[in-house]
Every structure is written in structure tokens, then in C-alpha cells.
Amino acid sequence: QSVLTQPPSVSGAPGQRVTISCTGSSSNIGAGSDVHWYQQLPGTAPKLLIYGNSNRPSGVPDRFSGSKSGTSASLAITGLQAEDEADYYCQSYDNSLSGSGLFGGGTKLTVL
Amino acid sequence: EVQVVESGGREVRPGGSLRLSCAASGFTFDDHGMSWVRQAPGKGLEWVSGINWNGDATGYADSVKGRFTISRDNAKKSLYLQMNSLRAEDTALYHCARTTGSSYYYGMDVWGQGTTVTVSS
Numbered sequence: 118q119s120v121l122t123q124p125p126s127v128s129g130a131p132g133q134r135v136t137i138s139c140t141g142s143s144s145n146i147g148a149g150s151d152v153h154w155y156q157q158l159p160g161t162a163p164k165l166l167i168y169g170n171s172n173r174p175s176g177v178p179d180r181f182s183g184s185k186s187g188t189s190a191s192l193a194i195t196g197l198q199a200e201d202e203a204d205y206y207c208q209s210y211d212n213s214l215s216g217s218g219l220f221g222g223g224t225k226l227t228v229l
Numbered sequence: 259e260v261q262v263v264e265s266g267g268r269e270v271r272p273g274g275s276l277r278l279s280c281a282a283s284g285f286t287f288d289d290h291g292m293s294w295v296r297q298a299p300g301k302g303l304e305w306v307s308g309i310n311w312n313g314d315a316t317g318y319a320d321s322v323k324g325r326f327t328i329s330r331d332n333a334k335k336s337l338y339l340q341m342n343s344l345r346a347e348d349t350a351l352y353h354c355a356r357t358t359g360s361s362y363y364y365g366m367d368v369w370g371q372g373t374t375v376t377v378s379s
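Read top to bottom, the protein sequences are chains A and B.
118 is the number of the first residue of the first sequence in this note's numbering; add one for each residue after it.
259 is the number of the first residue of the second sequence in this note's numbering; add one for each residue after it.
The structure is reproduced here in C-alpha cells:
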């Protein structure tokens, strides 16, 4: 059971918009810890999609956007494409003495 | 080319020890925090440990605290993970990853392909 909660799966048709939620607590996201998002295609290493809640690394299309509010964060993907089908993970940190990192359980995006 | 390459994974008996290494190239290693992330077969990502640019701050997942030790050698541009008292549940592909800033709290933007650790009797 992950400390950060994501829906196991989401789906959408090409061209549509989908969102993936990431729910934490007052010990992590709610305490001000940044949220990062990753995309993992089958058999490959994860790729950073969003860092610092809403920033896109160079090369990531602006179809991907991130937001954070309270104890939750969201990843939005607009103009869905077949190549977006992948696993998506949110990541944050425990804002305590431990300073340990946290991943959500992951969300499988299916493009119908 | 900016890259990190892991090594050291192998099959080991429960209770055994292993040291993973990660060699960095193509960037200024001591400008960045570093982390280890693992993925068990068919499972999601699990953050294992992180270290700041100069090694003065480290963090560990509860599942490995007291058994694993992260370290770095900036002169050798290398990251390490000393793994002791290994358990079957430590079996996974272990990735080394660079963060976007000096702290391990930043997002991880460069990942290696991973090295496989199998703990089995």
C-alpha cells in the first residue's frame, strides 16, 4: 500500500483529455513537498515528465501538465496519442526527519 | 552524452551483502543529488535511497533503513549502494538516477537501465 494514492488505471480515446490524481497527506504533499511525475513505457527506464509540481523538462510536449493543491496533485494529458499508453507515477517526499522519498502505486493509461 | 550506468547486481543468498555502483558521465556529477530506485518484477517503482550533492544529507526508505547505505565519491563520479542483510523482498531491478538539482528531493531526470539483484536460496 503506497503512501501516495493513484488510481490503478485510466483510459481515454485519441484526442481526449485525461487526468491522473495523486493523493498524499499532511506529512508529504500537504506539508509543501514538491511532486514529480514520471512516464514508464514497457521495458524501459522511467522518464521525468513534470518536476516541481508543474514544470516540464525540455523536450516534454506541452500536452502534459501538472498541478498541486492541498494534499493532492494531478497530471493532465490533453490530445491523447497512442504513444501515451504507459504507466505513470507520482513522486514526493516525506516532510519529516526521515526525508524519505515516496512513489505512488502507478497508473496504467490505456488509449482506446 | 549524459548518462549513468549501474553495475554490481547478481544473485545472492538471503542474509548476504552486495555493493551496487553507478558511474556517471557527461555532466558535472557534484552539481547533482542522486538516488536509487528499484522495481520488483511486475511491480511499481520504489524509492530506495537518496544523497545530496556533497553527501551531507541522505535518506532511506523504511524498508531498507539500517540495512542499506548510500554513498558517493565525487572525484570518481560514482554513486554506491551497500546492501546488507538482504531479503527475498529486495529482489528487483535497481536504477541509479540523477536529480535536477543539488538535493535528492528534486525530480530525477537521468536514469540508468538498471542492474538486477536477485535474493534467493
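By construction, the Cβ of each residue, glycine as well, lies at the ideal position given by its N, Cα and C atoms.
The structure presented is a predicted model; accordingly, all values stated were derived computationally and were not measured.
DSSP three-state label for residue i, please.
i, result
"residue 331 of chain B", "strand"
"residue 202 of chain A", "coil"
"residue 233 of chain B", "With chain B covering only 259 through 379, there is no way to say anything about residue 233 of chain B."
"residue 297 of chain B", "strand"
"residue 259 of chain B", "coil"
"residue 175 of chain A", "coil"
"residue 158 of chain A", "coil"
"residue 128 of chain A", "strand"
"residue 133 of chain A", "coil"
"residue 197 of chain A", "coil"
"residue 165 of chain A", "strand"
"residue 371 of chain B", "coil"
Which residues does DSSP pair with residue i in a beta bridge?
i, result
"residue 184 of chain A", "A:191"
"residue 290 of chain B", "Per DSSP, none; premise fails for residue 290 of chain B."
"residue 146 of chain A", "Paired residue(s): none; residue 146 of chain A is not in a bridge."
"residue 317 of chain B", "B:308"
"residue 357 of chain B", "B:366"
"residue 279 of chain B", "B:265, B:338"
Residues of chain B with CB under 8 angstroms from residue i, in chain order?
i, result
"residue 181 of chain A", "By Cβ distance, chain B contributes nothing, its closest Cβ being about 13 angstroms from residue 181 of chain A, past 8 angstroms."
Who are the Cβ neighbours of residue i in its own chain at under 8 angstroms, not counting the five residues just before and after it?
i, result
"residue 132 of chain A", "196, 197"
"residue 297 of chain B", "303, 304, 350, 351, 353, 372"
Report all residues from its chain with a CB closer than 7 angstroms to the CB of residue i; omit the five preceding and five following residues, and keep chain order.
i, result
"residue 289 of chain B", "311, 360"
"residue 225 of chain A", "125, 126, 204"
"residue 209 of chain A", "121, 141, 145, 146, 150, 151, 152, 219"
"residue 165 of chain A", "153, 155, 174"
Would you mind telling me which residues of chain A sit closer than 7 angstroms to residue i, beta carbon to beta carbon, in chain order?
i, result
"residue 358 of chain B", "168"
"residue 300 of chain B", "Neighbours of residue 300 of chain B on chain A: none; closest Cβ ~11 angstroms, over 7 angstroms."
For a contact defined as C-beta to C-beta under 9 angstroms, what are the partners of residue i on chain A?
i, result
"residue 265 of chain B", "Simply none; closest approach about 15 angstroms."
"residue 320 of chain B", "215, 217"
"residue 353 of chain B", "162, 163"
What in chain A is Cβ-close to residue i, meaning under 8 angstroms?
i, result
"residue 339 of chain B", "None at all; the shortest Cβ gap to chain A is about 14 angstroms."
"residue 304 of chain B", "220"
"residue 371 of chain B", "162"
Who are the neighbours of residue i on chain B, taking C-beta pairs under 7 angstroms?
i, result
"residue 165 of chain A", "365, 366, 367"
Can you tell which of the options has the C-alpha that lies nearest to the C-alpha of residue i?
i, options, result
"residue 168 of chain A", "A:134, A:206, A:140, A:141", "A:206"
"residue 319 of chain B", "B:308, B:275, B:356", "B:308"
"residue 274 of chain B", "B:369, B:357, B:348, B:294", "B:348"
"residue 180 of chain A", "A:192, A:162, A:119", "A:192"
"residue 333 of chain B", "B:281, B:269, B:378", "B:281"
Taking 7 angstroms as the cut-off, does the CB of residue i come closer than this to any heavy atom belonging to the ligand MN?
i, result
"residue 313 of chain B", "Ligands are entirely absent from the displayed structure, and the ligand MN is therefore not among its contents."
Please return the same chain residues whose Cβ sits closer than 6 angstroms to the Cβ of residue i, not counting the five positions on each side in sequence.
i, result
"residue 329 of chain B", "338"
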